[in-house]
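Have a look at the structure below, then the notes.
Residue numbers (this note's numbering), protein chains in the order written: chain A, 1 to 548; chain B, 1001 to 1548.
Listed below in structure tokens is the structure:
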């Protein structure tokens, strides 16, 4: 593949790599998988002890300069649910504050003593819930297998009363349960004031109202906007309660919604520069970044997430026309394609692998080969689009690669007998494989549409699990002209969350079990998760308008 | 009692009382007693809902101006016990830091991650112990009946690592157990640094060394000094772990030791002005004060503690010759005597009462009448001493009152058949009654000495319980010339705490059960308690010198 042999990426963008004393490629055998339980709770982790991160300080400087200021609002709890006025709390007493909807920010409380002068500290536990169910589950043993440190529960002592308590941490919550663990026999306390200071890089109130034609979708749009707003801080976070990191796959969807709503395009730019600033020694971009106390890439690398860099850059350029950024970041994008192409087998099919090598969807039984192959085909086309602007000489080659891989897919992964693409040695038929092949337009348009119809009439046993995967289903249906079917997914899946009281869209939603947790504990679920916020994108693009 | 009928105190010192709209005397029937368990654990509380506090702002201003700056030192934990260097901690792991001796101050810890980038917060619990036993008892259900909020245990989350954590609260501790409640499967933590910043109004290192003649008492003296140092902050606190308040009876003993050691006499002055600044509408001084967020008297009034104001003022004037303070505070002192004399019955004996009306010692079966009567006799003499300086016309009257009450005691409370003073309707014989009668010198010197010898040879069933009461036993023995017996008490009682590893002297000590807690839980005991610090007073006064 001559277009990738020049090694220009390593030389031009990562000069430090040349001096790195012990450059060691990632050895996949070092990846450390942790399996606990079955089904969704089979978590997979990668852990690499010997990687080399090659920081690009110029990129980091660009990113730093784009750090957004935070918008702050003050919110008081609704009264009525458990009125706090006039009620005094002693040892063992509780009350629940309801702030009316999901928010992200800092809580302040004023405790005043009632009775004798306080002769012992006040000991308080606060339990924050994005949903009421988390509050109600508090105190039960935590059965989850993710770190219990994600549970938003903090205890503290107040030595001097009355006291204004400004909780130092940022929480994601609608409800706060206040448990008075102890006062003393001589006094009780009253909560005289409760206030949340919300933080976000954006303000949903400033977004243009929906056109009248989209009125039926207003609720879906509202909740989408709140979801995205509450995930936008110093970076696009995946979830403000749990994880709180910048993930490249999630960024892809957040950026799309942002272009139609908040239009804080500099935040997308900042995130692109952050990812491009800290690749490993081969130029591979990490699946996620930590940004505090400094920018550190997670030691997790995912085939499809690395490729998403290309697509996010493509979408960003389409939204902004920012040629300077494209120029700067193009080598990083090109490098992701080059690295992906290294994983082809002799039939030009992406090599399958065990474990957590590509994301696609959160389904432990899902074979990722076919979907990953399709994602590479689609991303080569995105790369070709960018090359046409910035690196015209490569555009045709990239398109040719896409065609070659599409042909290989038809040749090797298409099973005409079942009418579906198959994946892996077990020739697995999954919904995800079909969705991605449809998006990659591996088949002719007519066959592509038939594929998606067949997906609905003969649903494979391996279905879609996450809002992330459902987004691509809706996208694929719209591309094949199945507007009604796309709308039905929107209404049943995202609308299903609304019916269950969602103030923001959830990380996971199983319509047959709304309390389902992939972590074994709903207290560990994230109920405001950016990859779920895409209804606003489709709605505001007019995809469901009568004439669309 | 003509000397108290002028009502001058109410007019001169508490002018605001005249305008108080709803002056209501304390109704003792309102006192709220809480009994739990038996023996020491019978706690008694007073609670008054309708008292009027008459603040003297001039006194508060004097007190405020005398607020001492705090001396700070940095202390690092000893290595060796549980080495923190190089050891990493994951979920469920613990280590114990040993700072070598008891200290009061603020803890800083630096946590660094080990492994993958931290993908979840660190959740930590810290348990502070003045003694190792408190650390070892952590995690067991707390059986105590005092507020559990006194247990020095705090949990917190660290969202960004590495992190320097400065714990906001002040703790009293030698040991800190660090429990890592959770990290994540991808990382562990190391404690890279641990540091305590001690705080006190004084510095034991600056105290004059013991004379050579007192060399055998050096350990007792060291521990006394550390005890008092660690209780001296914005005021003389009774215990830096639990209570942390300014108590008048405790102040009496702290001030005595201070005059022989730190000589921070302005702190005694500050505390006297604080007490005098916030009496109730009758001029009665509270048993204890809260000083944060503002000066508030506790709603507990104790017969002997109110009288201690006179004695502390007497001792303060003797130590300083501060005539201006004496002039200003004399009316408040006189008022305590007047109020105490109001409680005499027709035989000129202090009326007995149920409940928590006078302290004397911490023994729920102790009848307080005789000891309280003796305390009044002794305090009238202290008042006469002060009057001789500042109000000469009253001195003889006060002495005459003391004589009258002493005679009444001999007449009504002395039981020649048993050779002891009796107390209450049940004619109870207790050690405390004899100790206080001896200090009040109600009997002739020879009989007084015989009384204390009899106390040793025929110990009453109701003995002494606290270091506070044992101080007065030592004092009484020394005053009757029983140096060897006094020394034996010092060595067996305070020396007994040393044998059990005390770094500071304890609030309670039962030689037969060193783990005894009056609160039903040793985790609620205070192991640095100011009323226990008096060995240094006796030692530095030379009471045990060979020639004494």
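Yeah, the Cβ is synthetic: ideal placement off N, Cα and C, and Gly gets one too.
TODO: Below 7 Å CB to CB, which residues in the same chain sit around residue 198 of chain A once its five sequence neighbours on both sides are set aside?
DONE: Position 198 of the first chain, counted from the first residue, corresponds to residue 198 of chain A. Excluding positions up to five away in sequence, the list reads 72, 73, 75, 103, 104 and 105.
Task: Straight-line Cα distance separating residue 1407 of chain B from residue 1261 of chain B - done: Here residue 1261 of chain B refers to the residue found at position 261 when the second chain is read from its first residue. Here residue 1407 of chain B refers to the residue found at position 407 when the second chain is read from its first residue. Straight-line Cα distance between these residues: approximately 38 Å.
Task: Beta-carbon contacts of residue 546 of chain A that lie in its chain and below 8 Å, excluding the five residues immediately before and after - done: What you label residue 546 of chain A is simply residue 546 of the first chain in a count that begins at 1. Closer than 8 Å at Cβ, skipping near neighbours: 213.
Task: chain B residues whose Cβ lies nearer than 9 Å to that of residue 128 of chain A - done: Numbered from 1 along the first chain, position 128 holds the residue referred to as residue 128 of chain A. Those within 9 Å of residue 128 of chain A in chain B number zero; the least Cβ separation is about 12 Å.
Open item on the list: I need the DSSP call for residue 1094 of chain B, collapsed to helix, strand or coil.
Closed with: Within the second chain, the letter at position 94 stands for residue 1094 of chain B. Note: residue 1094 of chain B maps to strand in three-state DSSP.
- [ ] Look at the alpha carbon of residue 152 of chain A and the alpha carbon of residue 482 of chain A, and state the distance between them as a whole number of angstroms.
- [x] As a first step, residue 152 of chain A must be located in the first chain, where it is residue number 152. As a first step, residue 482 of chain A must be located in the first chain, where it is residue number 482. Those two C-alpha atoms are separated by around 42 Å.
Task: Buried/exposed call for residue 1219 of chain B, threshold 16 Cβ in 10 Å - done: Here residue 1219 of chain B is taken as the residue at index 219 of the second chain, counted from 1. So residue 1219 of chain B ends up on the exposed side.
Task: Proximal residues to residue 1389 of chain B (C-beta, below 8 Å), its chain only, five neighbours per side dropped - done: Mapped onto the second chain, residue 1389 of chain B falls at position 389. Here the set comprises 1317, 1323 and 1326.
Open item on the list: Run through chain B and tell me which residues come within less than 8 Å of residue 554 of chain A, C-beta to C-beta.
Closed with: With chain A covering 1 to 548 only, the question about residue 554 of chain A has no answer from this structure.
Task: Any chain B beta carbon closer than 8 Å to residue 529 of chain A - done: In the first chain, counting from the first residue as 1, residue 529 of chain A sits at position 529. False, the Cβ-Cβ gap to chain B never drops below 8 Å.
Task: Interface residues of chain A facing residue 1293 of chain B [CB-CB closer than 9 Å] - done: For the purposes of this step, residue 1293 of chain B is taken as the residue at position 293 of the second chain. Within 9 Å Cβ-Cβ: 160, 161, 162 and 163.
- [ ] Report yes if the C-beta distance between residue 1130 of chain B and residue 1527 of chain B is below 8 Å; otherwise report no.
- [x] As a first step, residue 1130 of chain B is located in the second chain; it is residue number 130 there, counting from the start. As a first step, residue 1527 of chain B is located in the second chain; it is residue number 527 there, counting from the start. Taking 8 Å as the Cβ cut-off, residue 1130 of chain B and residue 1527 of chain B qualify as a contacting pair.
- [ ] Using a Cβ-Cβ cut-off of 8 Å, state whether residue 1534 of chain B counts as contacting chain A.
- [x] By 1-based counting over the second chain, the position of residue 1534 of chain B is 534. So, not an interface residue.
- [ ] Could you tell me the distance, in whole angstroms, from the CA atom of residue 1457 of chain B to the CA atom of residue 1339 of chain B?
- [x] Indexing the second chain from 1 puts residue 1457 of chain B at position 457. Indexing the second chain from 1 puts residue 1339 of chain B at position 339. Straight-line Cα distance between these residues: approximately 37 Å.
- [ ] Ignore the nearest five residues each way along the sequence and tell me which others in residue 516 of chain A's own chain have a CB closer than 7 Å to its CB.
- [x] As a working mapping, residue 516 of chain A is identified with position 516 in the first chain. So the qualifying residues of the chain are 508 and 510.
Open item on the list: Just to confirm my understanding: we take residue 402 of chain A, look at its own chain, exclude 5 residues before and 5 after, and list those with CB closer than 6 Å. What are they?
Closed with: Residue numbering aside, residue 402 of chain A sits at position 402 when the first chain is read from its first letter. For residue 402 of chain A, where only same-chain residues beyond five positions count, the Cβ hits under 6 Å are 377, 380 and 381.
Task: Distance CB(residue 297 of chain A)-CB(residue 278 of chain A) smaller than 8 Å - done: Translated into the one-based positions of the first chain, residue 297 of chain A becomes position 297. Translated into the one-based positions of the first chain, residue 278 of chain A becomes position 278. For residue 297 of chain A and residue 278 of chain A, yes; Cβs fall inside 8 Å.
Open item on the list: Please report the distance separating the alpha-carbon of residue 21 of chain A from that of residue 1115 of chain B.
Closed with: Within the first chain, the letter at position 21 stands for residue 21 of chain A. Within the second chain, the letter at position 115 stands for residue 1115 of chain B. Caution applies to residue 21 of chain A, whose pLDDT of 25 falls short of 50 and renders its modelled position unreliable; the value that the coordinates give is listed next. Those two C-alpha atoms are separated by around 21 Å.
Open item on the list: Tell me which residues share the same chain as residue 543 of chain A and place their Cβ nearer than 6 Å to its Cβ, disregarding the 5 neighbours each side in the sequence.
Closed with: Indexing the first chain from 1 puts residue 543 of chain A at position 543. 478, listed in sequence order.
TODO: Can you check DSSP and say which residues form a bridge with residue 1362 of chain B?
DONE: Taking the first residue of the second chain as 1, we reach residue 1362 of chain B at position 362. Its beta-bridge partners do not exist; DSSP assigns none.
Task: residue 1474 of chain B vs residue 1461 of chain B beta-carbon contact at 8 Å - done: Here residue 1474 of chain B is taken as the residue at index 474 of the second chain, counted from 1. Here residue 1461 of chain B is taken as the residue at index 461 of the second chain, counted from 1. Contact: no.
TODO: Report the option in B:1176, B:1346 and B:1160 whose CA atom is closest to the CA atom of residue 169 of chain A.
DONE: Reading the first chain from its first residue, position 169 is the one you call residue 169 of chain A. Per the Cα distances, B:1160.
Task: Counted within 10 angstroms of its Cβ, other Cβ atoms place residue 1300 of chain B as buried (16 or more) or exposed - done: The residue given as residue 1300 of chain B occupies position 300 in the second chain. Classification of residue 1300 of chain B: buried, given that the 10 Å Cβ count is 16 or more.
Open item on the list: Strictly under 8 Å for the Cβ-Cβ distance: is residue 517 of chain A near chain B by that measure?
Closed with: Within the first chain, residue 517 of chain A is the residue found at index 517, counting from 1. For residue 517 of chain A, the answer is no, since every Cβ of chain B falls outside 8 Å of its Cβ.
TODO: Please report how far the alpha carbon of residue 1421 of chain B lies from the alpha carbon of residue 1445 of chain B, in whole angstroms.
DONE: Looking up residue 1421 of chain B in the second chain gives position 421. Looking up residue 1445 of chain B in the second chain gives position 445. Distance between the alpha carbons of residue 1421 of chain B and residue 1445 of chain B is about 16 Å.
Open item on the list: To the nearest angstrom, how far is the alpha carbon of residue 1394 of chain B from that of residue 1077 of chain B?
Closed with: Taking the first residue of the second chain as 1, we reach residue 1394 of chain B at position 394. Taking the first residue of the second chain as 1, we reach residue 1077 of chain B at position 77. Rounded to whole angstroms, residue 1394 of chain B to residue 1077 of chain B spans 57 Å at the Cα level.
Open item on the list: To the nearest angstrom, how far is the alpha carbon of residue 496 of chain A from that of residue 1155 of chain B?
Closed with: One-based indexing of the first chain puts residue 496 of chain A at position 496. One-based indexing of the second chain puts residue 1155 of chain B at position 155. Each residue's alpha carbon lies about 38 Å from the other.
- [ ] Measuring only between beta-carbons, confirm whether residue 155 of chain A sits less than 8 Å from chain B.
- [x] On the first chain, position 155 is the one that residue 155 of chain A refers to. At least one chain B Cβ lies under 8 Å of residue 155 of chain A.
Task: Expected contact under 8 Å - CB spacing of residue 124 of chain A and residue 175 of chain A to nearest Å - done: The sequence position of residue 124 of chain A within the first chain is 124, counting from 1. The sequence position of residue 175 of chain A within the first chain is 175, counting from 1. So it is not a contact: roughly 16 Å between Cβ atoms.
Open item on the list: Since residue 1232 of chain B and residue 1201 of chain B should fall inside the 8 Å C-beta cutoff, what is the C-beta to C-beta distance between them, to a whole number of angstroms?
Closed with: Residue mapping note: residue 1232 of chain B aligns to position 232 of the second chain, counting from 1. Residue mapping note: residue 1201 of chain B aligns to position 201 of the second chain, counting from 1. The pair is a contact, with the Cβ atoms about 4 Å apart (cut-off 8 Å).
Open item on the list: Can you confirm whether residue 117 of chain A, when its beta carbon is compared against all beta carbons of chain B, has any partner nearer than 8 Å?
Closed with: Your numbering for residue 117 of chain A matches position 117 in the first chain. Yes, contact with chain B.
- [ ] Kindly indicate which three-state DSSP category residue 106 of chain A falls into: helix, strand or coil?
- [x] By 1-based counting over the first chain, the position of residue 106 of chain A is 106. The answer is strand: DSSP assigns residue 106 of chain A an E or B state.
Task: is_contact[residue 207 of chain A, chain B] using C-beta, thresh 8 Å - done: The residue given as residue 207 of chain A occupies position 207 in the first chain. By this cut-off, residue 207 of chain A is not an interface position.
TODO: Would you please verify whether the beta carbon of residue 169 of chain A is less than 8 Å from any beta carbon of chain B?
DONE: Translated into the one-based positions of the first chain, residue 169 of chain A becomes position 169. Judged by the 8 Å Cβ criterion, residue 169 of chain A is in contact with chain B.
Open item on the list: Residues in the same chain with beta-carbon distance under 7 Å from residue 1121 of chain B, minus the five sequence neighbours each way, listed in chain order, please.
Closed with: Here residue 1121 of chain B refers to the residue found at position 121 of the second chain. The residues are 1157, 1158 and 1159.
Open item on the list: Quick check on residue 1539 of chain B: does DSSP put it in helix, strand or coil?
Closed with: Position 539 of the second chain, counted from the first residue, corresponds to residue 1539 of chain B. Helix, per DSSP.
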